[in-house]
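FYI, the UniProt record's numbering numbers position 182 of the sequence shown as 182, with every residue one higher than the one before it. Note that the Cβ used here is the ideal one computed from N, Cα and C, for glycine as well. Structure record follows, encoded as structure tokens.
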Amino acid sequence: MHFLADPTVLTVALGPDWLNADSLIRSFGPYALIGIVVVVFIETGLLFPFLPGDSLLFTAGMLVAQDVLDFPLWLLCLLLVAAAFGGDQVAYLIGDKVGPKIFNRPDSRFFKKEHIDKTQAYFERYGGRTIVLARFVPFVRTYAPVAAGTARMSYRWFVSYNLLGAVLWGVGITVLGYFLGQISFVHNNIELIIVLIVVASIIPMAVEALLQRRTAKREAAAAAAAEAGPAPSE
């Protein structure tokens with residue numbers, strides 16, 4: 001039984017070969033390293049969220065561990081961080097220059113307004129942390145830097161958050177694939193593992209949202225009690 005999540009996971013099992021992480025990497029042949037890096041850059045820098053993201057990194061790490069790919073893990077991680085960082089920098093500039101036009105586009109085959117709205121909601125709630133947290137959330141990671149540019153987020157802070165997110169994502173998931181990919185269960189259930197990664201990355205945001213909602217309710221109750229005034233004495 002396969003467990004499928006967002007398109008980043010669907011591409012592993014249901015997508016065409018060019019969206020299947022394993023098939024895509026193998027199709028690059030001797031240029032696999034360059035191909036992987038370019039895909040990561042395009043996903044964010046050129047605003048194409050349907051390309052495999054988490055599954056690509058995890059699978060790449062796994063294939064390095066199995067000696068299917070003949071380049072060192074450290075080089076792969078270094079270039080992935082650079083590609084992820086560079087892609088978001090480009091997306092930020094796009095948001096800064098033409099953000100409103102992008103956010104007001106009609107739906108198309110590769111663009112859905114709901115993804116933009118979801119990203120804006122994340123950004124309004126978590127601010128700069130969205131740039132880090134969004135790395136692990138399909139679609140949101142593509143549009144988060146655009147939202148940051150559109151909102152005129154401090155460029156210095158954006159660079160800092162972007163670098164941190166690129167390192168955590170580019171190194172974290174790739175190294176995870178390198179070590180876990182050597183386990184037969186993981187190798188045979190990549191879809192499930194990617195789903196768990198996505199779910200685990202969303203948990204902190206979900207917990208914080210729940211805490212904020214409870215705090216807002218308490219503040220609203222306190223404000224209502226204050227307006228009502230003290231209870232009349234008998």
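Requested in this report: Note the first and the last residue of the continuous alpha helix (DSSP H) segment covering residue 62.
Outcome: Taking the sequence shown and counting its residues from 1, the one referred to as residue 62 is at position 62. DSSP places residue 62 inside the alpha helix (DSSP H), whose first and last residues are 54-65.
Requested in this report: Taking residue 173 and residue 54 to be in contact with their CB atoms under 8 Å, please state how far apart those CB atoms are, rounded to whole angstroms.
Outcome: Taking the first residue of the sequence shown as position 1, residue 173 is located at position 173. Taking the first residue of the sequence shown as position 1, residue 54 is located at position 54. That pair is a contact at about 6 Å.
**Report entry** Candidates 152, 166, 154 and 156, of which the one nearest residue 133 by Cα
**Finding:** Numbered from 1 along the sequence shown, position 133 holds the residue referred to as residue 133. Here the closest residue by C-alpha is 166.
Query raised in the report: Below 8 Å, can you find three or more Cβ-Cβ pairs linking the segment 147-161 to the segment 169-184?
Result: no
Query raised in the report: Buried or exposed: residue 44, going by 16 or more other Cβ atoms within 10 Å of its Cβ?
Result: Counting from 1 along the sequence shown, the entry for residue 44 is found at position 44. By the Cβ neighbour-count rule, residue 44 is buried, with 16 or more other Cβ atoms within 10 Å of its own.
**Report entry** Status (buried if at least 16 other CB within 10 Å, exposed otherwise) for residue 215
**Finding:** The residue given as residue 215 occupies position 215 in the sequence shown. Exposed, because fewer than 16 other Cβ atoms sit within 10 Å of the Cβ of residue 215.
Query - residue 36 versus residue 60: straight-line alpha-carbon distance, rounded - result: Residue numbering aside, residue 36 sits at position 36 when the sequence shown is read from its first letter. Residue numbering aside, residue 60 sits at position 60 when the sequence shown is read from its first letter. Cα to Cα, the separation comes out at about 8 Å.
Report task. Alpha carbon to alpha carbon, how far is residue 144 from residue 65? Give it in angstroms, no decimals. Result -> Reading the sequence shown from its first residue, position 65 is the one you call residue 65. Reading the sequence shown from its first residue, position 144 is the one you call residue 144. Approximately 32 Å between the Cα atoms of the pair.
Query raised in the report: Does the separation of the CB atoms of residue 42 and residue 32 fall below 9 Å?
Result: For the purposes of this step, residue 42 is identified with residue 42 of the sequence shown, where counting begins at 1. For the purposes of this step, residue 32 is identified with residue 32 of the sequence shown, where counting begins at 1. Not in contact: residue 42 and residue 32 (Cβ atoms no closer than 9 Å).
Requested in this report: If I'm right that residue 162 touches residue 85 with Cβ under 8 Å, what's the distance once you round it to whole angstroms?
Outcome: The residue given as residue 162 occupies position 162 in the sequence shown. The residue given as residue 85 occupies position 85 in the sequence shown. About 6 Å; that satisfies the 8 Å criterion.
Report task. Within the same chain, show all residues whose beta-carbon is closer than 6 Å to that of residue 71, passing over the 5 residues directly before and after it, in chain order. Result -> Start at 1 with the first residue of the sequence shown, and residue 71 comes out as number 71. Excluding sequence neighbours, residue 71 sits near 33.
Query raised in the report: Secondary structure at residue 152, three-state DSSP: helix, strand or coil?
Result: The residue given as residue 152 occupies position 152 in the sequence shown. Coil at residue 152, not helix or strand.
Query raised in the report: Would you say residue 80 and residue 46 are within 9 Å of each other, going by their C-beta atoms?
Result: Here residue 80 is taken as the residue at index 80 of the sequence shown, counted from 1. Here residue 46 is taken as the residue at index 46 of the sequence shown, counted from 1. No, these two residues do not count as a Cβ contact at 9 Å.
Query raised in the report: What do you get for residue 146, buried or exposed, if any count of 16 or more other CB atoms within 10 angstroms of its CB means buried?
Result: The count along the sequence shown starts at 1 and reaches residue 146 at position 146. With 16 or more other Cβ atoms within 10 Å, it is buried.
Query raised in the report: From residue 196 to residue 207, what distance separates their C-alpha atoms?
Result: Sequence index remark: in the sequence shown, residue 196 carries index 196 (1-based). Sequence index remark: in the sequence shown, residue 207 carries index 207 (1-based). Their backbone Cα atoms lie some 16 Å apart in a straight line.
Query raised in the report: Between 185, 190 and 131, which lies nearest to residue 164 when the distance is taken from Cα to Cα?
Result: Locating residue 164 in the sequence shown gives position 164, counting from the first residue. Nearest to residue 164 by C-alpha distance, out of 185, 190 and 131, is 131.
Query raised in the report: Considering only C-alpha positions, which residue in the set 200, 142, 218 and 90 is nearest to residue 51?
Result: Position 51 of the sequence shown, counted from the start, is the residue given in the question as residue 51. Residue 51 has its Cα closest to that of 142, out of 200, 142, 218 and 90.
Query raised in the report: Cβ of residue 69 within 9 Å of Cβ of residue 63?
Result: The residue given as residue 69 occupies position 69 in the sequence shown. The residue given as residue 63 occupies position 63 in the sequence shown. Yes, the pair counts as a contact, with Cβ atoms nearer than the cut-off.
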